[in-house]
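If you're matching positions, the sequence shown starts at 863 in the working numbering and goes up one per residue.
Just so you know, even glycine gets a beta-carbon here, dropped at the ideal spot from N, CA and C.
Shown next, in structure tokens, is the structure this report addresses.
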Amino acid sequence: MIRADSLSKHYGAIKAVDGISFGIEPGEVVGLLGPNGAGKTTTMRMCAGYLAPTSGSVKVHGFDLATHTLAARKTFGYLPEGAPLWGEMTPRAFLDFIADIRGLRGAARAARIGEVAELLQLHSVFDQRIETLSKGFRRRVGLAQAILHDPQALLLDEPTDGLDPNQKHEVRELIRGMSGDKIVVISTHILEEVEAVCSRAIIIAAGRIVADDTPAALAARSPSGRLDHVFRSVTTGQERGAVGEER
Ligand code: ATP
């Protein structure tokens, strides 16, 4: 499971994340929602061990990210925002490299790379330098590296950003197919995506959790039954407080 306790990240006077706590169990597909600047990416980066919190802690499958970073990272795959990749590599070389890092060996390794390339339809660009790929294909390569070792948990920062409608559909299917005994956390602006794939939505605004429930239960809070109306009502008027400021 993933457990965040009183997690905060401050940048000078900006409280990017302001004391949030949550637990995510196997089988859950959680959508991290919030307006621009709410703190989604900062939260994802701390949960992935790529950013040290100012205070608080994250444990992934029992491993504290601050003290057992590598052991924790082995258990999950992470798609960062924008998916920074080595531009001079081809997807083939890049996935080969990731397979090395993830300790995949022998026949299983080649089979898994082929399977993931097939799943994300990478074959047409497999030998093209990543820096020459379109945004959507780069995103797919990023997704491929995140799922390559078939991790127990997946942290995906805006996974369908830049994808065409067909690929959006494919990636949502992939996420649905991954759930079961796994954890999937996606950060997104797309409410339909949350309704389509998530079993739970955590809405954050100004670095704090303002709602945490199933998408259906959240939508039912509005007389219209619409998640976008609830999203608007729980996130408007939420201004980011400075460090030390009373709120
Ligand atoms: P978006 O939906 O626009 O991607 P987000 O919810 O992912 O936004 P974050 O990127 O986590 O939000 O940013 C939260 C806040 O922290 C914002 O006010 C942002 O400007 C600030 N912030 C993030 N990174 C830094 C940094 N390195 N230095 C200073 N401020 C930062």
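Which runs of the alpha helix (DSSP H) spanning at least 4 residues fall entirely within the region 981-1054, listed in chain order?
Listed in chain order, the complete alpha helix (DSSP H) runs (minimum 4 residues) inside the region 981-1054 are 997-1009, 1027-1040.
In whole angstroms, what is the alpha-carbon distance linking Asp962 and Val1003?
In this structure, the CA atom of Asp962 is about 16 Å from the CA atom of Val1003.
Heavy atom of the ligand ATP within 7 Å of Ala1051 beta-carbon:
Sequence inspection shows His at residue 1051; the Ala mentioned does not correspond to that position. With a cutoff of 7 Å, His1051 counts as near the ligand ATP, since its C-beta is closer than that to a heavy atom of the ligand.
Any heavy atom of the ligand ATP within a distance shorter than 7 Å of the CB on Thr1097?
no
For Leu894, the nearest candidate out of Pro888, Glu887, Lys902 (CA to CA):
Lys902
Relative to the alpha-carbon of Phe988, which residue among Gln1014, Arg954, Ile864 has its alpha-carbon at the smallest distance?
Arg954
With distance defined between alpha-carbon atoms, name the residue in Met863, Pro897, Met906 nearest to Ile882.
Met906
Just checking Ile876 against the ligand ATP - is the residue's beta carbon closer than 7 Å to any of the ligand's heavy atoms?
Checking every heavy atom of the ligand ATP against the Cβ of Ile876, one is found closer than 7 Å.
Considering only heavy atoms of the ligand ATP, does any lie closer than 7 Å to the CB of Ala900?
yes
Give the secondary structure of Arg1062 by DSSP, where H, G and I count as helix, E and B as strand, and everything else as coil.
strand
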